[in-house]
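Here is the structure we will look at.
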Amino acid sequence: MMSTQTTADVIRAKLAELTPLELELQDDSASHAGHRGNTGGGHFNLTIRSAKFDGLSQVQRHRLVYELLSDEMRTSIHALSIRAIAANE
Amino acid sequence: MDTQALIQQQISDNAVVLYMKGSPKFPQCGFSGLAAQILAASGVKEYLAVDVLADPAIRDGIKVFSNWPTIPQLYIHGNFIGGADIMRAMYEQGELQKLLSESAE
């Protein structure tokens, strides 16, 4: 089952926890293939809007995302750029 | 000294500390390079840049220290500020420059 699911699919599925109002995930892995220090994980640009970010600092918002993706951050994600936007912003 | 104590000392002894991959002149990762560029653009003359690739204990330890899984990490006056995305957002809003100029006083 896991083999048919891409890292991007897994990221989307796990972030569903934040009931995103908007979720844009761009897989930028190709442009980083083989650069130094890249152990093979993917590069992703994430923009996510969620009411669960309301009232939270940027650090707190990023931590929420990192916590949901903690397994992937150790394995399949090499780099993740995050834009976390509250519902009321 | 254990790694957590060493990190605590680094961020206490230096007003601005950037944990990064490589050095400001020769960054080994795009995010670390961006972080160093943002500090330069913010007018920071002096800061401590710690190359985590040179020390595996720091590389792992810094992630535990602030419960933050990625590098770079910026600290101002001992406070964790964020990674490259947060630095960029704060820079674009002028907040980072403000924090840094206050830290130089």
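Protein chains in written order, with the numbering used here: chain A, 1 to 89; chain B, 1001 to 1105. Just so it is clear, CB atoms sit at the ideal spot from N, CA and C, and this is done for glycine as well.
- For the 8 Å CB-CB criterion, A:I48 and A:A86 do not form a contact.
- Distance from the CA atom of A:S50 to the CA atom of A:L21, rounded to whole angstroms, is 6 Å.
- For A:A79, the chain B residues whose Cβ falls inside 7 Å of its Cβ are F1031, in order along the chain.
- Using a Cβ-Cβ cut-off of 8 Å, B:I1086 is close to Q58, V59 and H62 of chain A, given in chain order.
- Between A:F44 and A:L25, the CB-CB gap stays under 8 Å.
- Cβ-Cβ separation between B:I1071 and B:I1062: approximately 7 Å, consistent with a contact (criterion under 8 Å).
- At a Cβ-Cβ threshold of 8 Å, A:S70 and A:G42 do not count as neighbours.
- Burial state of A:T4 is exposed, judged by a 10 Å Cβ sphere holding fewer than 16 other Cβ atoms.
- With contacts defined by Cβ atoms closer than 8 Å, B:Q1004 and B:F1065 form a contacting pair.
- By DSSP's assignment, A:T19 forms no beta bridge with any residue.
- B:S1032 is positioned such that its CB atom lies closer than 8 Å to that of B:K1021.
- In the displayed model, A:F53 falls within a helix according to three-state DSSP.
- Within chain A, no residue has its beta carbon less than 9 Å from that of B:N1014; the closest one is some 20 Å off.
- About 5 Å separates the beta carbon of B:A1049 from that of B:L1018, a gap short enough to meet the 8 Å contact definition.
- With the criterion set as a beta carbon lying under 9 Å from some beta carbon of chain A, the members of the stretch 1071 to 1086 of chain B are F1080, I1081, G1082, G1083, A1084, D1085 and I1086, in sequence order.
- At a cut-off of 8 Å between beta carbons, A:R83 contacts chain B.
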